[in-house]
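S.K.: One structure coming up, written as C-alpha cells, with questions to follow.
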Amino acid sequence: MRLIQGNEACAEGAIAAGCRFFAGYPISPSSEIAEAMARMLPRHGGVFLQAEDELASLGAVLGAALGGTKAMTATSGPGFSLMQEHIGYGYLAEIPCVVVDVMRGGPSTGLPTQPSQGDVMQAQWGSHGDRAAVVLAPVGVQEVYDLTIQAFGLSETLRMPVTLLYDEVVGHMREGVDLAIPDPMTLGGRPRSSQPAGPSFRPYKANATGVAELPDFGRGYRFHVTGLMHDERGFPTTDTSVVAALLERLENKAQAAKDLVMPEAYLMDDATLVLVAYGITGRTAKAAVDTLRSRGIRAGLWRPRLLWPAQDEMLRGALQNAEMVVVAEMNRGQWAREVERVAAGSVILRPLLKAGGATITTEEMVGHALDMLEAPDIASPDRVSGRTTELYANISSGSAVALESKVVE
Amino acid sequence: MERDRSRVNVRLTGSGGQGIALAATVLAEAALDSGLYATMLQEYGPEARGGATKADLSLARSPIANPQFQVPDLCLAISDKAWTRFGQELIGRKDVGLVTDRDRVVIPGVSDPTEMGIISLPFDEAAKLQIGAKVVTNMICAASLARLIEAVPLDGVAKVAERRSPAAFKDKNRQATQLGWQMMDEYLSVHVLPWRSSEGEVGVLAAGGDVAIAGVGALGAGSGAGEDWIHKGGGRSALRS
Numbered sequence: 009m010r011l012i013q014g015n016e017a018c019a020e021g022a023i024a025a026g027c028r029f030f031a032g033y034p035i036s037p038s039s040e041i042a043e044a045m046a047r048m049l050p051r052h053g054g055v056f057l058q059a060e061d062e063l064a065s066l067g068a069v070l071g072a073a074l075g076g077t078k079a080m081t082a083t084s085g086p087g088f089s090l091m092q093e094h095i096g097y098g099y100l101a102e103i104p105c106v107v108v109d110v111m112r113g114g115p116s117t118g119l120p121t122q123p124s125q126g127d128v129m130q131a132q133w134g135s136h137g138d139r140a141a142v143v144l145a146p147v148g149v150q151e152v153y154d155l156t157i158q159a160f161g162l163s164e165t166l167r168m169p170v171t172l173l174y175d176e177v178v179g180h181m182r183e184g185v186d187l188a189i190p191d192p193m194t195l196g197g198r199p200r201s202s203q204p205a206g207p208s209f210r211p212y213k214a215n216a217t218g219v220a221e222l223p224d225f226g227r228g229y230r231f232h233v234t235g236l237m238h239d240e241r242g243f244p245t246t247d248t249s250v251v252a253a254l255l256e257r258l259e260n261k262a263q264a265a266k267d268l269v270m271p272e273a274y275l276m277d278d279a280t281l282v283l284v285a286y287g288i289t290g291r292t293a294k295a296a297v298d299t300l301r302s303r304g305i306r307a308g309l310w311r312p313r314l315l316w317p318a319q320d321e322m323l324r325g326a327l328q329n330a331e332m333v334v335v336a337e338m339n340r341g342q343w344a345r346e347v348e349r350v351a352a353g354s355v356i357l358r359p360l361l362k363a364g365g366a367t368i369t370t371e372e373m374v375g376h377a378l379d380m381l382e383a384p385d386i387a388s389p390d391r392v393s394g395r396t397t398e399l400y401a402n403i404s405s406g407s408a409v410a411l412e413s414k415v416v417e
Numbered sequence: 143m144e145r146d147r148s149r150v151n152v153r154l155t156g157s158g159g160q161g162i163a164l165a166a167t168v169l170a171e172a173a174l175d176s177g178l179y180a181t182m183l184q185e186y187g188p189e190a191r192g193g194a195t196k197a198d199l200s201l202a203r204s205p206i207a208n209p210q211f212q213v214p215d216l217c218l219a220i221s222d223k224a225w226t227r228f229g230q231e232l233i234g235r236k237d238v239g240l241v242t243d244r245d246r247v248v249i250p251g252v253s254d255p256t257e258m259g260i261i262s263l264p265f266d267e268a269a270k271l272q273i274g275a276k277v278v279t280n281m282i283c284a285a286s287l288a289r290l291i292e293a294v295p296l297d298g299v300a301k302v303a304e305r306r307s308p309a310a311f312k313d314k315n316r317q318a319t320q321l322g323w324q325m326m327d328e329y330l331s332v333h334v335l336p337w338r339s340s341e342g343e344v345g346v347l348a349a350g351g352d353v354a355i356a357g358v359g360a361l362g363a364g365s366g367a368g369e370d371w372i373h374k375g376g377g378r379s380a381l382r383s
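As you go down the protein sequences, you meet chains A and B in turn.
Per the working numbering, the first sequence runs over residues 9 to 417.
Per the working numbering, the second sequence runs over residues 143 to 383.
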C-alpha cells in the first residue's frame, strides 16, 4: 500500500501499462500527472515532452503512437477543448492513445482549482462529426490507477483515443493504493498488420473485430494516414458508401468497451431508490446510501465506470425494480440526460445538480432523496441548484407516458 | 447527521508554507502502515500558497466511502489566519476538539483557551527552542495529534517523518515527533477535556483512558493494530469500530 495522490496514481498506472511517451502542457488541476511523468519516464527509457500548447501535445502523442509507442497526455477543461480536433483525428485515423481530463470548473478558464464534472458531454461530443468515444470515470485513487491501465488496454485493442475523466477532488485526494502489476488481459494488445508490404498493402483493412491493423511507422511499410475520409488504402475518398461504412465500423468497434468495464452496483438487489453518480460524487452517493439504509430506506448506488459509450442495457437492467432515481452530478445536468433517455417512463427521476465549484455533500444527497420520497409526484426544486427538472411518468400502469422534461430556473 | 464513529475526521489548518499538508500526509501514511484506511484532501486553491489553508484527514477501520466532511472531530490551527477561517466557527461545539498553537493563535476575548477546553500548546516555540528548527513545527503537531487520536503509534509517525525528510533533517524530524507526542501526553495527564460526543456524553479525552469525543479514540479501541502501544490502556468507551 502506498499513499499517493490521484494524479500520481494516473502516472503510475500509465508507466505500469507500458506508456513510454508523454507530451503535455501542465494545467491545474492535472499538473501533477505531467510532473510525475517527467520524473518517471526517463527512468523507464521513455520520453517526456513539454509542448508549447495542448494542440501540439496531442499531436506529438499521436505521432509517438503511430511510431509504435504507448502514449498519453493530460490536461484540464481549457486544454481538453484545444485537443478536440486531434481527438477526432486520432479516432478517424485509428491511433491509440490516452487523454486524461481532470475536470475543473468551466466554461473558459473558469475555476482553475475547483472541482467540476462539467466535461462529461464534451468528452463524448466535443469533437465535430459523428464519433463514438470511450470515456472512463474513476472514483478514487485506486481506481485512477486501475482505470488508467484499462484505458491503455482499451485504446490499444480498439486502436482509438480513450479518455480518462475525473474531477479535481479525485485528482488531488491521497489514499492508500495497491500498485499491482497489471494483468496482461487488461493490457490487451495493439493489432498490427501481418499483410506483406507492397502495392497490395491495405493499412485500413479491418480485422474481425472491426479494427484497422496499422503497422508501426518505420517497419518497411508505406502508407497514408489522414483525417479525411479514407478507403482501405488510407487514401481520401468521397465515395458515400465507403464513408458510411467507415463511420459505422468505427462506431461499432468502440461498443466493445461496454462489456469490458463493469459498473459498481452497491446494495442494488432490493433497491427501489437508486442513486446514480460517478467520480467523487459516487463516493458521496455511497455514503448517502448507507445513511438512507440506516433509516430503513431501500437505497442503492449504480455507479458507471464507463460513461461513454453509455451502457444502456446494464443501466436498464439495474433500474428494473427501481421506483425512484436520483442522478447526482457536479454540473447543470449532463449524464442525467443519459439516464433519462434510458429510464424514460419507468421511474420517477429527479437529478441533483450542483455547479459552481463545491462538491455535493452527503447531507444534500440524503435530503434530496428524502424530499423525493415524501412528495414523489410534486416537482420540488432541486435543493442545491434551485432548479426543477421533472419527469412525468406513470409508474403504476407501467405504460410509456409522453415524457416531458421541464426546467424552471 | 449522525457521526460515523468508526472513523476519525481531522482538519489540520495553518498558513501556506507551514507544512500542514505534509503533517496530514505523514499521519495518513503512518495510519496506512498500521493497517488502517486513510484519505487526505488538501486545499488546492491559491490560499495554499500563503493564506490560510487546510488538509482534511480521515482515518478508519473500514474503507472510507466519502473522504469529504463538513465538521471535523478534531481541528488543529497553527496560525491566526487559519483560526479565523477554520477554527473560530467550531468554538463552543461540544463534539469538536480544538488544538491551537499557544503563541501563533490569539483568540479574541479568550485569555485562557484551556478553560474553554481548547488544547493550546507552544508547538512553534518548542520547535525553535528544543529542536532548533522552526520548520519541524509540523512534525511536532503531527505527533501531538497522533497521541490525541490514539490511532497511530509514535514509532509509526516517527518512521514516516524520517522517511519523508531530506537527509539533513531526518534526525530533527524524528526528535520533533518524540517531542510532539510527549507534549500532548503531558498535557493529557493533567487536563480534563470537556468535549462531548454528539450523543451528549461528557467525555474525558484520553486523559483517564475513557474516550468519548465522537470518533476520536475509536480507532485505537478494541483489538487489532496498535493495541499494545496504547498509553494507559483500559477503560475505552464502547465506540463502534
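For every residue, glycine included, the Cβ atom is placed at its ideal position computed from N, Cα and C.
Please list the residues of the region 58-73 of chain A that have a C-beta atom closer than 8 Å to any C-beta atom in chain B, keeping them in chain order.
M.R.: Answer in chain order: no residues at all.
S.K.: Is there contact between the region 155-170 of chain B and the region 272-287 of chain B, where contact requires at least three CB pairs shorter than 8 Å?
M.R.: Yes, since at least three Cβ pairs between the region 155-170 of chain B and the region 272-287 of chain B fall closer than 8 Å, the two stretches touch.
S.K.: CB Ala82(A) to CB Gly118(A), shorter than 8 Å?
M.R.: As a working mapping, residue 82(A) is identified with position 74 in the first sequence. As a working mapping, residue 118(A) is identified with position 110 in the first sequence. It is not a contact, given that the beta carbons lie outside the stated cut-off.
S.K.: Can you give me, in chain order, the residues of the region 276-304 of chain A that have a beta carbon less than 9 Å from any beta carbon in chain B?
M.R.: Against chain B - using a Cβ distance shorter than 9 Å - the residues of the region 276-304 of chain A are Ile288, Arg291, Thr292, Ala293, Lys294, Ala295, Ala296, Val297, Asp298, Thr299, Ser302.
S.K.: Using three-state DSSP, classify Gly350(B) as helix, strand or coil.
M.R.: Here the question's residue 350(B) lines up with position 208 in the second sequence. The predicted model places Gly350(B) with a pLDDT of 32, which falls under 50 and marks its position as unreliable; any figure quoted below should be read in that light. In this structure, Gly350(B) counts as coil in the three-state DSSP scheme.
S.K.: At which residues does the beta strand (DSSP E) containing Gly239(B) begin and terminate?
M.R.: To locate residue 239(B), count along the second sequence from 1; it is residue 97. Per DSSP, Gly239(B) belongs to the beta strand (DSSP E) from 239-243.
S.K.: Taking the continuous alpha helix (DSSP H) assigned at Trp323(B), which residues delimit it?
M.R.: In the second sequence, the residue the question calls residue 323(B) occupies position 181. Trp323(B) -> alpha helix (DSSP H) spans 312-332.
S.K.: Report, in whole angstroms, the separation of the C-beta atoms of Met129(A) and Gln342(A), which I expect to be a contact under 8 Å.
M.R.: Mapped onto the first sequence, residue 129(A) falls at position 121. Mapped onto the first sequence, residue 342(A) falls at position 334. Confirmed, Cβ separation roughly 5 Å.
S.K.: For Ala307(A), does the count of other Cβ atoms within 10 angstroms reach 16, so buried, or fall short, so exposed?
M.R.: Here residue 307(A) refers to the residue found at position 299 of the first sequence. Label assigned to Ala307(A): buried.
S.K.: By the 10 Å Cβ neighbour count, where 16 or more other Cβ atoms means buried, how is Leu347(B) classified, buried or exposed?
M.R.: Translated into the one-based positions of the second sequence, residue 347(B) becomes position 205. For Leu347(B), the predicted structure reports a pLDDT of 34, less than 50, and the residue's modelled location is therefore unreliable. The matter cannot be settled from this model.
S.K.: Interface residues of chain A around Met182(B) at Cβ under 8 Å?
M.R.: Your numbering for residue 182(B) matches position 40 in the second sequence. Simply Leu11, Met181, Arg182, Glu183.
S.K.: Please list, in chain order, all residues of the same chain as Cys27(A) whose beta carbon is under 6 Å from its beta carbon, the five residues on each side excluded.
M.R.: By one-based count along the first sequence, residue 27(A) stands at place 19. Within the same chain, Cys27(A) has close Cβ partners Lys78, Met80.
S.K.: Give me the Cβ distance between Leu74(A) and Phe225(A), rounded to the nearest whole Å; I'm assuming they're in contact under 8 Å.
M.R.: To locate residue 74(A), count along the first sequence from 1; it is residue 66. To locate residue 225(A), count along the first sequence from 1; it is residue 217. The Cβ separation is near 5 Å, so the contact holds.
S.K.: Could you name the residues of chain B that Glu176(A) contacts, counting a contact when the two beta carbons are closer than 8 Å?
M.R.: Stepping through the first sequence from its first residue, residue 176(A) is reached at position 168. Those are Tyr186, listed as they occur along chain B.
S.K.: Which chain A residues are close to Pro209(B), counting only those with a beta carbon under 7 Å from its beta carbon?
M.R.: Stepping through the second sequence from its first residue, residue 209(B) is reached at position 67. Met181, Arg291, listed in chain order.
S.K.: At 7 Å on the CB atoms, spell out the chain A contacts of Ala170(B), in chain order.
M.R.: Reading the second sequence from its first residue, position 28 is the one you call residue 170(B). Within chain A, the residues near Ala170(B) are Leu11, Arg182.
S.K.: For Met129(A), which three-state DSSP category applies?
M.R.: Translated into the one-based positions of the first sequence, residue 129(A) becomes position 121. The answer is helix: DSSP assigns Met129(A) an H, G or I state.
S.K.: List the residues that DSSP assigns as beta-bridge partners of Ser200(B).
M.R.: What you label residue 200(B) is simply residue 58 of the second sequence in a count that begins at 1. According to DSSP, Ser200(B) bridges with Asn151(B), Thr181(B).
S.K.: So with CB distances below 8 Å, who are the chain B contacts of Thr369(A)?
M.R.: By one-based count along the first sequence, residue 369(A) stands at place 361. The answer, in chain order, is Gln210, Gln212.
S.K.: For Pro244(A), collect the residues of the same chain with a Cβ closer than 8 Å to its Cβ; drop the 5 residues on either side in sequence, then sort them by chain order.
M.R.: Here residue 244(A) refers to the residue found at position 236 when the first sequence is read from its first residue. Correct list, in chain order: Thr234, Leu236, Met237, His238.
S.K.: Mapping the DSSP letters down to three states, classify Ile35(A) as helix, strand or coil.
M.R.: Numbered from its first residue, the first sequence carries residue 35(A) at position 27. Three-state result, Ile35(A): coil.
S.K.: Tell me whether Pro190(A), by its Cβ, gets closer than 7 Å to a heavy atom of the ligand HEM.
M.R.: Only the bare structure without any ligand can be found here, which leaves the ligand HEM out of the picture.
S.K.: Straight-line CA distance for Ser148(B) to Ala202(B)?
M.R.: On the second sequence, position 6 is the one that residue 148(B) refers to. On the second sequence, position 60 is the one that residue 202(B) refers to. Roughly 6 Å separates the two Cα atoms.
S.K.: On a Cα-Cα basis, can you pick out the residue from Glu372(A), Ala64(A), Tyr99(A), Val108(A) that is closest to Leu144(A)?
M.R.: Position 136 of the first sequence, counted from the start, is the residue given in the question as residue 144(A). Checked all of Glu372(A), Ala64(A), Tyr99(A), Val108(A); the closest Cα to Leu144(A) is Val108(A).
S.K.: How would you label Gly126(A), buried or exposed, when you count the other beta carbons within 10 angstroms and need 16 or more for buried?
M.R.: Counted from its first residue, the first sequence places residue 126(A) at position 118. Buried, since its Cβ has 16 or more Cβ neighbours within 10 Å.
S.K.: In this structure, does DSSP put Val213(B) in helix, strand or coil?
M.R.: Position 71 of the second sequence, counted from the start, is the residue given in the question as residue 213(B). The answer is coil: DSSP assigns Val213(B) none of H, G, I, E or B.
S.K.: Who are the Cβ neighbours of Lys270(B) in its own chain at under 8 Å, not counting the five residues just before and after it?
M.R.: Counting from 1 along the second sequence, the entry for residue 270(B) is found at position 128. Excluding sequence neighbours, Lys270(B) sits near Lys276.
S.K.: Pull up the distance between the alpha-carbon of Glu240(A) and that of Thr246(A), whole angstroms please.
M.R.: Indexing the first sequence from 1 puts residue 240(A) at position 232. Indexing the first sequence from 1 puts residue 246(A) at position 238. Straight-line Cα distance between these residues: approximately 13 Å.
S.K.: Less than 8 Å between the CB atoms is what I'm expecting for Leu283(A) and Ala296(A), so what's the real figure, rounded?
M.R.: As a first step, residue 283(A) is located in the first sequence; it is residue number 275 there, counting from the start. As a first step, residue 296(A) is located in the first sequence; it is residue number 288 there, counting from the start. Indeed, because the Cβ distance is near 6 Å, the residues count as touching under 8 Å.
S.K.: Going by DSSP, what residues sit across from Trp316(A) in a beta bridge?
M.R.: In the first sequence, the residue the question calls residue 316(A) occupies position 308. Answer is Val143(A).
S.K.: Got a sec? Which residues, its chain only, sit under 6 Å from Val302(B) by beta carbon, not counting five neighbours each side?
M.R.: Position 160 of the second sequence holds residue 302(B). Excluding sequence neighbours, Val302(B) sits near Val168, Glu171, Ala172.
S.K.: Apart from the five residues on each side of it in sequence, which residues of its chain come closer than 6 Å, Cβ to Cβ, to Leu90(A)?
M.R.: By one-based count along the first sequence, residue 90(A) stands at place 82. Contacts found: Glu62, Leu63.
S.K.: From Ala19(A) to Val332(B), what distance separates their C-alpha atoms?
M.R.: Along the first sequence, one-based indexing puts residue 19(A) at 11. Along the second sequence, one-based indexing puts residue 332(B) at 190. Near 49 Å, if we compare the C-alpha coordinates of Val332(B) and Ala19(A).
S.K.: I need the straight-line Cα distance from Arg340(A) to Gly85(A), nearest angstrom please.
M.R.: Counted from its first residue, the first sequence places residue 340(A) at position 332. Counted from its first residue, the first sequence places residue 85(A) at position 77. Going from the Cα of Arg340(A) to the Cα of Gly85(A) covers about 16 Å.
S.K.: Assuming contact is defined by CB atoms lying nearer than 8 Å, are Gly218(A) and Leu162(A) in contact in what I supplied?
M.R.: To locate residue 218(A), count along the first sequence from 1; it is residue 210. To locate residue 162(A), count along the first sequence from 1; it is residue 154. The answer is no: Cβ separation not under 8 Å.
S.K.: Of all Cβ atoms in chain A, is any one closer than 8 Å to the Cβ of Leu232(B)?
M.R.: Working through the second sequence from its first residue, we reach residue 232(B) at position 90. No, no contact with chain A.
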